[in-house]
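Shown next, in structure tokens, is the structure this report addresses.
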Amino acid sequence: MADEISLSVEVAGIALKNPVMTASGTCGYGVELAAFVDLSRLGAVVLKGVSVHPMPGNPPPRIVETAGGMLNAIGLQNVGMRTLIDEYLPRLEQYRVPVIANILGTTLEEYCLLAETLGSHPVIKALEVNVSCPNVKKGGISFGSDPEALGELVRHLRTQTDTPLIVKLTPNVTDIVRLARTAEESGAHAVSLINTVLGMAVDAKSRRPVLAHIVGGLSGPAVKPIALRMVWEVSRAVSIPVIGVGGIMTAEDAIEFFLCGARAVQVGTAHFLDPGASVRIIEGIYEYLQEHSIRDITSIIGGLETGGAGEGQRF
Amino acid sequence: MKSAFATVLSNAPVAPNYFLLSFVDPDLSGQARPGQFLMVSLPWSRDPFLPRPFALFDVLEDGGVQILYKRVGRGTSLLSRVRQGEELRVVGPLGRGFGLLGGTDHAVVVAGGIGIASVHLLLKLCLGRGIRSSLFYGARTGAELIGLGRLESMGLEVHAATEDGTVGYKGLVSDLLSSALAAGDRRAETHKMRAFVCGSFPMMEAVAGVLERWGIPGQFSLESVMACGYGVCQGCVVETPGHRDRDGGPEYVRVCTEGPVFSLEEIRWSGYRACRGRGDG
């Protein structure tokens, strides 16, 4: 129909009915969120990161509220690859939504086994690679902050599976553009950014850190400015699609990311306030396009008008 | 289970720092089970940012829902200033509530302070089913025994305890419970009892000790700092005794989903003590 507004986008070879996904770690294995929303309405569902073997996670306290956000030190608690395949993936088949598995490990071998096993599963349409994990072979520095290790990881993963690979970048680096370029050059089909920002909370009365793990990851509205800047810079530096994530609470927030160059967005922490957040945001994006007489979401991607300002500015 | 807006009907103090908030939601009212809770937030609040968990204090036949809460931090302070007509976001009903398995001839409910909020609906249910119900209710002072008169008129056997002795037994409710059990006829009475407990950590640990000594099965409503409240973030976990993962480490369960009600055997008290977070409730 001539008047129909299109929210469809293609990312890493997958056709998405709309550009909104759930962020890994904020909707469990999909089934928990399904109690509140019809998963078929989402662009894609990204599952909680899985490792080869189950991980128990960190001792509590694992979370603490901050101004406009929260810190989490969940510790990657997950049921492991086997249980994901046996118990959760079959339950996701009924939903007409692309399912993206998020994979994590501490060695190349672990990542490769996950890619090979999950990549060949019919329910999984793409793999998002969590590179914020410590690389035990390199003394614990994370894959995502070491261009050499990241490049090696992505190249190896490309040999393990034909399933599209999305590399989820960590903001806790000096130059995220460099890591994004490395991911692209090594064969990633897309990048998603940002993962959480490292932070800490202290209890002045007890003189102790609030989190048992001391350091955690900051998410929520507090990180949106950081995420927007990184999405903008990375989008201008790579040709592969950029998926924007970080503090998106409303449709307007999502639009900001599209303008900065994101092809799609992920909604995460917002689900903790309202399980219906992603559906509400999809509806809001549609309304925005309607109000501005825009027929196709793709026409606003990268549409930020800087008019020369901002480039080369120093503070 | 759903996420919806609720229009506040009333939000008034019932004691210093204790408030009763009510709204209408027939779905919620109909689905709620004793021991379940709601996640409540002001829709556009960014500081405080996260919702807060509140026990379902009461549900009424006309679709009314009530929460009883204590002002303890930034979240509850903000909530206490919400006025009639304002909107809240409410997610629920959530969690595994109290289990009233067939065979409870005598419900022994033990509440400490704001813990009364978690057990109130259970008390109504027990009375409605004709189950003999005793309430051991403790607080620092008489003014914090919320609705004591009303509870007494409900048909409950109420045993009150206050630390300062202004009302009832002077001392801890766990000691009052212990004395009451000792005064009764052991063999005839205790095997038909089932206890339901909610209060501060030290109170519940002490009551657990009493129940273990008397061989009375108990269910405890735990609390934890929460973000989502419905099981997706894994933030609110407690350690489970007995389970060990493949590396010999602990296993964790979610207070919001596998709980908040846990039976006595499911709680590792040292683990619960350690995880009591600094939530700015």
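In order, the protein sequences belong to chains A and B.
So the first sequence is numbered by our numbering: it starts at 1 and just counts up by one.
So the second sequence is numbered by our numbering: it starts at 1001 and just counts up by one.
Every residue gets a Cβ at the ideal spot worked out from N, C-alpha and C, and that includes glycine.
Contacting positions in the region 1027-1052 of chain B - beta carbon closer than 8 Å to chain A = 1041, 1046, 1047, 1048, 1049, 1050, 1051
So, using beta-carbon positions, are residue 1172 of chain B and residue 1160 of chain B closer together than 8 Å?
-> no
Buried or exposed (CB count within 10 angstroms, at least 16 for buried), residue 1214 of chain B = buried
Which residue comes first and which comes last in the alpha helix (DSSP H) that contains residue 118 of chain A?
-> 108-119
Starting from residue 66 of chain A and walking both ways along the alpha helix (DSSP H), at which residues does that stretch end?
-> First-last for residue 66 of chain A: 63-66, but that is the beta strand (DSSP E), not the alpha helix (DSSP H).
Just mark residue 1234 of chain B as buried or exposed, buried being the case when its beta carbon has 16 or more other beta carbons within 10 Å.
-> Counting Cβ neighbours within 10 Å, residue 1234 of chain B comes out buried, since at least 16 surround it.
Touch check for the region 158-176 of chain A and the region 188-201 of chain A: three-plus C-beta pairs under 8 Å?
-> yes
Which first and last residues belong to the beta strand (DSSP E) in which residue 1219 of chain B is found?
-> 1218-1221
Given 8 Å as the limit, is there contact between the region 62-77 of chain A and the region 148-163 of chain A, that is, 3 or more CB pairs closer than that?
-> no
Under the three-state DSSP convention, the category residue 322 of chain A falls into = Outside the displayed span of chain A (1 to 315) sits residue 322 of chain A, for which this structure offers no information.
Going along chain A, which residues have a C-beta under 9 Å from residue 1089 of chain B?
-> 273, 274
Cβ of residue 77 of chain A within 8 Å of any chain B Cβ | yes
Name the chain B residues whose beta carbon is nearer than 8 Å to that of residue 105 of chain A?
-> Residues of chain B passing the Cβ test: none, with the nearest at roughly 16 Å.
With burial defined as no fewer than 16 other Cβ atoms inside 10 Å of the residue's Cβ, what is the status of residue 1239 of chain B: buried or exposed?
-> buried
Measure from the C-beta of residue 1251 of chain B to each C-beta in chain A and report whether the shortest distance is under 8 Å.
-> Yes, residue 1251 of chain B lies at the interface with chain A (some Cβ there is under 8 Å from its Cβ).
Would you mind stating whether residue 12 of chain A and residue 126 of chain A have Cβ atoms separated by less than 8 Å?
-> yes
Spell out a yes or no on whether the region 1077-1085 of chain B and the region 1129-1140 of chain B are touching, meaning 3 or more CB-CB pairs, one atom from each, closer than 8 Å.
-> no
Could you tell me which residues DSSP pairs with residue 78 of chain A in its beta bridges?
-> A:55
If we ignore side chains and look at the alpha-carbon of each, how far apart do residue 132 of chain A and residue 1076 of chain B end up?
-> 35 Å
Where does residue 1002 of chain B sit, in a helix, a strand or coil, going by DSSP?
-> Residue state, collapsed to three classes: strand.
Can you name the residues that DSSP bridges to residue 1012 of chain B?
-> B:1020
Residue 271 of chain A and residue 1228 of chain B closer than 8 Å at C-beta | yes
Cβ neighbours of residue 93 of chain A in the same chain (closer than 7 Å, five flanking residues each side left out) | 123
Which runs of the beta strand (DSSP E) spanning at least 3 residues fall entirely within the region 211-279 of chain A, listed in chain order?
-> Listed in chain order, they are 215-219, 242-245, 264-267.
Under 7 Å between beta-carbons, which chain B residues line up against residue 122 of chain A? List them in chain order, please.
-> Chain B residues near residue 122 of chain A: none, gap ~24 Å exceeds 7 Å.
How big is the Cα-Cα spacing for residue 45 of chain A and residue 130 of chain A?
-> 15 Å
If you compare alpha carbons, which of B:1010, B:1029, B:1281 is closest to residue 985 of chain B?
-> This structure cannot speak to residue 985 of chain B, because chain B is shown only from 1001 to 1281.
Return the CA-CA distance between residue 1219 of chain B and residue 1093 of chain B, expressed in angstroms with no decimal places.
-> 19 Å
Do you know whose CA, among B:1249, B:1097, B:1105, lies nearest residue 1271 of chain B's CA?
-> B:1249
What residues of chain A sit near residue 1283 of chain B, judged by a beta carbon separation below 8 Å?
-> For chain B, the structure presents residues 1001 to 1281; residue 1283 of chain B sits outside this window and is missing.
How would you call residue 1105 of chain B, buried or exposed, if buried means at least 16 neighbouring beta carbons within 10 angstroms?
-> By the neighbour-count rule (16 or more Cβ atoms within 10 Å), residue 1105 of chain B is not buried but exposed.
Using 8 Å as the threshold, is the region 1175-1184 of chain B in touch with the region 1046-1057 of chain B, meaning 3 or more CB pairs across them?
-> At 8 Å Cβ cutoff, the stretches do not touch.
Residue nearest to residue 1280 of chain B in terms of C-alpha spacing, selected from B:1226, B:1117, B:1273, B:1255 = B:1226
DSSP state of residue 1201 of chain B mapped onto helix, strand, coil = helix
Under 6 Å Cβ to Cβ from residue 303 of chain A, same chain only, skipping five residues before and after it: list those, please.
-> 259
Under 8 Å between C-beta atoms of residue 66 of chain A and residue 218 of chain A = Going by C-beta atoms, residue 66 of chain A is nearer than 8 Å to residue 218 of chain A.
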